[in-house]
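These notes are about the structure you will find just below.
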Amino acid sequence: MNTDSISNYIRDHLSEKRRTHTEGVRTTAAELARRYGADPEKAETAALFHDMFRGADRDTLNRYVDELGLDPGRYRDNPNLAHGKIAAEIMRRDYGVTDPDIINAVRYHTTGRPGMSLLEKVVFIADAIEPSRDYPGVEELRKATWRDLDEGCLAALSRTSKYVKSRGIPLDEDTAKAEAYFRRLMENKNGE
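To convert, count from 1 in the sequence shown and add 521; that's my numbering.
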(Lines of atoms letter the chains of each structure in order from A; the text may use other names.)
(Lines give C-alpha, C1' and ligand atoms only; values in the text may rest on other atoms or scores of the structure.)
Protein backbone atom coordinates (compact mmCIF):
# COMPACT_ATOMS: atom_id res chain seq x y z
CA MET A 522 0.00 0.00 0.00
CA ASN A 523 1.19 3.49 -0.75
CA THR A 524 1.44 5.23 2.62
CA ASP A 525 2.36 8.68 1.29
CA SER A 526 -1.08 10.16 1.95
CA ILE A 527 -1.21 8.98 5.58
CA SER A 528 2.38 10.15 6.08
CA ASN A 529 1.35 13.59 4.81
CA TYR A 530 -1.65 13.56 7.17
CA ILE A 531 0.60 12.66 10.10
CA ARG A 532 3.04 15.43 9.23
CA ASP A 533 0.27 18.03 8.89
CA HIS A 534 -2.06 17.06 11.75
CA LEU A 535 -0.17 15.37 14.57
CA SER A 536 1.94 17.01 17.25
CA GLU A 537 5.66 16.31 17.33
CA LYS A 538 5.14 14.03 20.34
CA ARG A 539 2.40 12.07 18.54
CA ARG A 540 4.54 11.83 15.38
CA THR A 541 7.42 10.43 17.45
CA HIS A 542 5.04 7.94 19.06
CA THR A 543 3.58 6.90 15.70
CA GLU A 544 7.03 6.34 14.22
CA GLY A 545 7.97 4.32 17.30
CA VAL A 546 4.87 2.15 16.92
CA ARG A 547 5.63 1.71 13.21
CA THR A 548 9.18 0.48 13.77
CA THR A 549 8.29 -1.64 16.81
CA ALA A 550 5.32 -3.23 15.02
CA ALA A 551 7.52 -4.10 12.04
CA GLU A 552 10.16 -5.66 14.34
CA LEU A 553 7.52 -7.65 16.23
CA ALA A 554 5.92 -8.74 12.96
CA ARG A 555 9.24 -10.10 11.71
CA ARG A 556 9.88 -11.82 15.04
CA TYR A 557 6.48 -13.49 15.31
CA GLY A 558 5.62 -14.11 11.65
CA ALA A 559 3.14 -11.35 10.81
CA ASP A 560 3.38 -9.20 7.68
CA PRO A 561 5.69 -6.25 8.50
CA GLU A 562 4.19 -4.06 5.77
CA LYS A 563 0.68 -4.53 7.15
CA ALA A 564 1.97 -3.86 10.65
CA GLU A 565 3.57 -0.60 9.51
CA THR A 566 0.41 0.47 7.68
CA ALA A 567 -1.77 -0.15 10.73
CA ALA A 568 0.74 1.63 12.95
CA LEU A 569 0.70 4.73 10.74
CA PHE A 570 -3.09 4.94 10.97
CA HIS A 571 -3.59 3.89 14.59
CA ASP A 572 -3.50 7.34 16.24
CA MET A 573 -4.50 9.59 13.36
CA PHE A 574 -7.36 10.97 15.49
CA ARG A 575 -5.70 10.74 18.90
CA GLY A 576 -5.15 14.48 19.20
CA ALA A 577 -8.47 15.52 17.68
CA ASP A 578 -10.71 17.69 19.82
CA ARG A 579 -13.81 16.24 21.46
CA ASP A 580 -16.25 18.01 19.09
CA THR A 581 -14.49 16.59 16.02
CA LEU A 582 -14.48 13.10 17.49
CA ASN A 583 -18.14 13.35 18.46
CA ARG A 584 -19.00 14.52 14.94
CA TYR A 585 -17.24 11.45 13.52
CA VAL A 586 -18.98 9.17 16.03
CA ASP A 587 -22.31 10.44 14.69
CA GLU A 588 -21.26 10.54 11.03
CA LEU A 589 -19.82 7.02 11.06
CA GLY A 590 -22.70 5.50 13.02
CA LEU A 591 -20.59 4.45 16.00
CA ASP A 592 -22.30 3.66 19.31
CA PRO A 593 -22.80 7.11 20.90
CA GLY A 594 -23.28 5.64 24.37
CA ARG A 595 -19.87 4.05 24.19
CA TYR A 596 -17.82 6.48 22.09
CA ARG A 597 -19.34 9.97 22.40
CA ASP A 598 -17.20 12.12 24.72
CA ASN A 599 -14.73 9.23 25.05
CA PRO A 600 -11.61 10.10 23.03
CA ASN A 601 -9.58 7.22 24.47
CA LEU A 602 -11.96 4.66 23.00
CA ALA A 603 -13.28 6.58 19.99
CA HIS A 604 -10.04 7.51 18.23
CA GLY A 605 -9.17 3.97 17.08
CA LYS A 606 -12.68 3.15 15.97
CA ILE A 607 -12.86 6.38 13.98
CA ALA A 608 -9.41 5.84 12.41
CA ALA A 609 -10.41 2.32 11.32
CA GLU A 610 -13.51 3.62 9.55
CA ILE A 611 -11.72 6.59 7.97
CA MET A 612 -8.87 4.43 6.67
CA ARG A 613 -11.44 2.26 4.94
CA ARG A 614 -13.65 5.09 3.67
CA ASP A 615 -11.12 7.78 2.76
CA TYR A 616 -7.86 5.89 2.17
CA GLY A 617 -9.18 2.74 0.49
CA VAL A 618 -7.72 0.27 2.98
CA THR A 619 -9.85 -2.84 2.67
CA ASP A 620 -7.79 -5.50 4.46
CA PRO A 621 -9.92 -6.47 7.48
CA ASP A 622 -6.84 -7.49 9.47
CA ILE A 623 -5.27 -4.03 9.11
CA ILE A 624 -8.60 -2.37 9.90
CA ASN A 625 -9.11 -4.49 13.02
CA ALA A 626 -5.53 -3.84 14.16
CA VAL A 627 -6.36 -0.13 14.16
CA ARG A 628 -9.87 -0.59 15.57
CA TYR A 629 -8.73 -2.61 18.60
CA HIS A 630 -5.28 -1.13 19.24
CA THR A 631 -6.45 0.52 22.45
CA THR A 632 -8.85 -2.05 23.91
CA GLY A 633 -7.74 -5.38 22.52
CA ARG A 634 -10.35 -8.07 22.05
CA PRO A 635 -10.70 -11.82 22.45
CA GLY A 636 -9.29 -13.83 19.55
CA MET A 637 -7.05 -11.05 18.23
CA SER A 638 -5.15 -11.94 15.07
CA LEU A 639 -1.37 -11.99 15.07
CA LEU A 640 -1.32 -8.57 13.39
CA GLU A 641 -3.77 -7.14 15.94
CA LYS A 642 -1.57 -8.37 18.80
CA VAL A 643 1.54 -6.89 17.20
CA VAL A 644 0.01 -3.43 16.78
CA PHE A 645 -1.70 -3.52 20.18
CA ILE A 646 1.51 -4.27 22.07
CA ALA A 647 3.73 -2.09 19.86
CA ASP A 648 1.55 0.84 20.93
CA ALA A 649 2.32 0.04 24.57
CA ILE A 650 6.06 -0.62 24.33
CA GLU A 651 7.46 1.58 21.55
CA PRO A 652 10.73 3.32 22.52
CA SER A 653 9.26 6.70 23.53
CA ARG A 654 6.93 5.09 26.07
CA ASP A 655 8.18 5.78 29.57
CA TYR A 656 6.00 4.65 32.47
CA PRO A 657 6.44 2.39 35.50
CA GLY A 658 6.63 -1.23 34.35
CA VAL A 659 7.27 -0.59 30.65
CA GLU A 660 10.64 -2.37 30.71
CA GLU A 661 9.05 -5.51 32.21
CA LEU A 662 6.32 -5.28 29.58
CA ARG A 663 8.92 -5.06 26.82
CA LYS A 664 10.77 -8.11 28.17
CA ALA A 665 7.54 -10.10 28.45
CA THR A 666 6.59 -9.19 24.88
CA TRP A 667 9.91 -10.30 23.40
CA ARG A 668 9.67 -13.56 25.39
CA ASP A 669 6.12 -14.32 24.28
CA LEU A 670 3.69 -12.10 22.38
CA ASP A 671 0.65 -13.42 24.25
CA GLU A 672 2.38 -12.91 27.60
CA GLY A 673 3.06 -9.30 26.62
CA CYS A 674 -0.56 -8.74 25.57
CA LEU A 675 -1.86 -10.20 28.83
CA ALA A 676 0.53 -8.06 30.87
CA ALA A 677 -0.54 -4.92 28.98
CA LEU A 678 -4.24 -5.71 29.38
CA SER A 679 -3.84 -6.46 33.10
CA ARG A 680 -1.96 -3.20 33.59
CA THR A 681 -4.68 -1.27 31.75
CA SER A 682 -7.43 -2.94 33.79
CA LYS A 683 -5.75 -2.08 37.08
CA TYR A 684 -5.11 1.50 36.00
CA VAL A 685 -8.66 2.12 34.74
CA LYS A 686 -10.24 0.55 37.83
CA SER A 687 -7.96 2.57 40.14
CA ARG A 688 -9.33 5.74 38.55
CA GLY A 689 -12.93 4.64 39.12
CA ILE A 690 -13.66 4.48 35.38
CA PRO A 691 -15.68 1.60 33.97
CA LEU A 692 -13.47 -0.85 32.06
CA ASP A 693 -14.34 -1.21 28.39
CA GLU A 694 -16.01 -4.56 27.73
CA ASP A 695 -13.56 -5.42 24.93
CA THR A 696 -10.63 -4.96 27.32
CA ALA A 697 -12.27 -7.06 30.05
CA LYS A 698 -13.04 -9.86 27.60
CA ALA A 699 -9.57 -9.65 26.04
CA GLU A 700 -7.89 -9.92 29.42
CA ALA A 701 -9.94 -13.01 30.31
CA TYR A 702 -9.18 -14.52 26.88
CA PHE A 703 -5.41 -13.99 27.20
CA ARG A 704 -5.43 -15.27 30.79
CA ARG A 705 -7.01 -18.54 29.59
CA LEU A 706 -4.63 -18.67 26.64
CA MET A 707 -1.58 -18.33 28.88
CA GLU A 708 -2.95 -20.89 31.36
CA ASN A 709 -3.33 -23.35 28.46
CA LYS A 710 0.18 -22.57 27.18
CA ASN A 711 1.62 -23.10 30.65
CA GLY A 712 -0.37 -26.30 31.23
CA GLU A 713 -2.25 -24.96 34.22
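All C-beta atoms in this analysis are idealised placements derived from N, C-alpha and C, irrespective of residue type, glycine included. All of these numbers come straight from a predicted model, not from anything done at the bench.
>> Comparing C-alpha positions only, which one of T566, L569, D533, R595 sits nearest to P691?
In response: P691 has its Cα closest to that of R595, out of T566, L569, D533, R595.
> What's the C-alpha gap between L670 and I650?
Replying inline: The straight-line gap separating the alpha-carbon atoms of L670 and I650 is approximately 12 Å.
> On the premise that L675 lies in contact with F703, defined as a C-beta separation below 8 Å, what is that separation, rounded to the nearest angstrom?
Replying inline: The pair is a contact, with the Cβ atoms about 4 Å apart (cut-off 8 Å).
>> Please give me, in chain order, every unbroken run of the beta strand (DSSP E) with length at least 3 that falls completely inside the segment 625–683.
In response: Listed in chain order, there is nothing to give.
> Which residues in the same chain as E565 place their Cβ atom closer than 6 Å to its Cβ, once the five residues preceding and following it in sequence are excluded?
Replying inline: Same-chain partners within the cutoff: R547, A551.
>> For the alpha helix (DSSP H) containing R555, name the first residue and the last one.
In response: Per DSSP, the continuous alpha helix (DSSP H) segment holding R555 begins and ends at 537–557.
> Is the segment 536–544 touching the segment 611–618, taking contact as three or more C-beta pairs under 8 Å?
Replying inline: Short answer: they don't touch.
> DSSP on A515, reduced to helix/strand/coil?
Replying inline: It is not possible to answer for residue 515, since the shown part of the chain is limited to 522 through 713.
> Taking C-beta to C-beta, are A609 and V586 nearer than 8 Å?
Replying inline: Contact: no.
> If we ignore side chains and look at the alpha-carbon of each, how far apart do L639 and E588 end up?
Replying inline: Each residue's alpha carbon lies about 30 Å from the other.
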